[in-house]
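The numbering of the sequence shown is our numbering, which starts it at 18 and goes up by one.
C-beta atoms are modelled at their ideal positions from N, C-alpha and C, and glycine is treated no differently.
Note that the structure is predicted; figures quoted are calculated from it, not measured.
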Amino acid sequence: MRVLVTGGTGFLGRHIVWRLNASGHRVVFTGRDSKHAADVLAGTAQRDLDTRFIMLEHGDPKSATLLAEAAGDVDAVIHCAALSSPWGRREAFERANVASTSEVVGACEARRISRLVHISTPSLYFDFRDRLGIREDEPLPPPVNEYARTKGIAEHLVARAQIDSVIVLRPRAIFGPWDATLLPRIFRVAKVSRLPLMRGGNALIDLTYIDNVVDAVMLALGADIERAVVNISNGDPMTVRDMFAKLGQAFGLELRVRRVPYPLVDAIAALLERAARLRPDWEPPITRYSAGLLAFSQTLDLTRAHTLLGYVPRVPLDVGIARTAAWFAAAARHKDDR
């Protein structure tokens, strides 16, 4: 099979490219950075397989044409390209999440590609309250930020697409080697202050190790399904308090915590967001959304993942955390040796 992976230089995208290559598939992947693309190509297991990179910036005048050319001889598309961030400019989210998806759908329809796997997000479910065992068919609340809003629009675009098979995956809180978002953000805050422990640190969080998400993508790629939206996680929720403890132990860090009232953190985050709107290039250290994720429980129902895809998380959380810590340590040593 020949597969096009958008966002193939990103965290999830590169792992998908590597798995596809290792499984014997030919891959075309897109991204914005040729240096990152070189890292992806260097990490492929089967160098003799045709694995190609096409550099493009979604939303640019030439991007739709470049994407249509890239999709010329592929059997399936995995759409990973997105701006996944709790903060950013509205137009940046529109370009990365909406324009990119519109271009992908257009390329699939023009080239008569029959299979699309679209990576979405459980951020669509979040509404600043505890929610356990969330099912995919539950009504979605109003979006809490630009990321959720634009990813919701993207889901509507793929739902209406004239493509034989469209599977939407909503993986929760992905972590692992090459993570540049989830864990690094926690560690950046921990370097300068104590981590906020709100509501006793008892909120449940559903983490997902990267290899398990890639397993789900591969299962979706081969599934005989016309339309489906599927939650993905490790299925092993832990409290925020336990997460901080496990991360600190695995990474050899002292992650200091401070019990603080959630309303206070929410008010501070609101003030920081207001200040950030006056300084467009500055990202607040904490947003109302990111504070809410640490204050309120959010776990996913995996019934569809099990029954439709046959998904079972292979890598337990403790093993995934240990592997991630080992990778970060090796990456730090490599950086020091340069």
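query, result
"With a Cβ-Cβ cutoff of 9 angstroms, do residue 29 and residue 235 count as a contact?", "no"
"Can you give me the Cβ contacts of residue 200 inside the same chain, cut-off strictly under 6 angstroms, excluding the 5 residues immediately before and after it?", "192"
"Would you grab the beta carbon distance between residue 245 and residue 184 for me? Rounded to a whole angstrom, and I think it's under 8 angstroms.", "5 angstroms"
"At the level of alpha carbons, what is the spacing between residue 164 and residue 230?", "20 angstroms"
"Would you say the region 169-189 touches the region 110-130, given that touching needs at least three Cβ pairs under 8 angstroms?", "yes"
"Could you have a look at residue 19 and say whether DSSP puts it in helix, strand or coil?", "strand"
"Which of the three DSSP states is assigned to residue 186 in this structure?", "strand"
"Give me, in chain order, the residues of the same chain whose beta-carbon lies closer than 7 angstroms to that of residue 107; leave out the 5 immediate sequence neighbours on both sides.", "163"
"Check the DSSP bridge columns for residue 248 and list the partner residues they point to.", "187"
"Does residue 53 come out as helix, strand or coil in the three-state DSSP assignment?", "helix"
"Leaving out the 5 sequence neighbours to the left and right, which residues in its chain are closer than 6 angstroms to residue 132 when beta-carbon positions are compared?", "93 and 182"
"Give the secondary structure of residue 328 by DSSP, where H, G and I count as helix, E and B as strand, and everything else as coil.", "coil"
"Straight-line CA distance for residue 198 to residue 103?", "10 angstroms"
"Whole angstroms is fine: what's the gap from residue 306's alpha carbon to residue 226's?", "22 angstroms"
"Can you list the beta strand (DSSP E) stretches of 3 or more residues lying completely in the region 168-243, in chain order?", "182-188 and 212-215"
"Sort 46, 57 and 42 by Cα distance to residue 194 and report the nearest one.", "57"
"Use the C-beta contact count for residue 323: other C-beta atoms within 10 angstroms, 16 or more gives buried, fewer gives exposed.", "exposed"
"In chain order, what residues of the same chain lie with their CB nearer than 8 angstroms to the CB of residue 327, ignoring the 5 residues before and after it?", "236"
"If you scan the region 106-148 from start to end, which runs of the beta strand (DSSP E) of 3 or more residues do you find wholly inside it?", "132-136"
"Where does residue 139 land, buried or exposed, given buried means 16+ other C-beta within 10 angstroms?", "buried"
"Is the distance from the Cβ of residue 141 to the Cβ of residue 157 below 9 angstroms?", "yes"
"Does the separation of the CB atoms of residue 190 and residue 224 fall below 9 angstroms?", "yes"
"Apply the 10 Å Cβ neighbour rule to residue 89 and answer buried if 16 or more other Cβ atoms are within range, or exposed otherwise.", "exposed"
"Rounded to the nearest angstrom, what separates residue 313 and residue 206 at their Cα positions?", "19 angstroms"
"Using a Cβ-Cβ cutoff of less than 6 angstroms, which residues in the same chain neighbour residue 333 once the five nearest sequence positions on both sides are dropped?", "none"
"Mind checking who residue 315 pairs with in its DSSP beta bridge?", "148 and 222"
"Between the Cα of residue 14 and the Cα atoms of 123, 178, 186 and 128, which residue gives the shortest distance?", "No answer is possible for residue 14: the residues shown for the chain start at 18 and end at 355."
"Quick one: what's residue 341 bridged to in DSSP?", "According to DSSP, residue 341 bridges with nothing at all."
"On the DSSP bridge assignment, give the partners of residue 256 in chain order.", "221"
"Do you know offhand how far residue 179's Cα is from residue 23's?", "19 angstroms"
"Touch check for the region 241-258 and the region 278-295: three-plus C-beta pairs under 8 angstroms?", "no"
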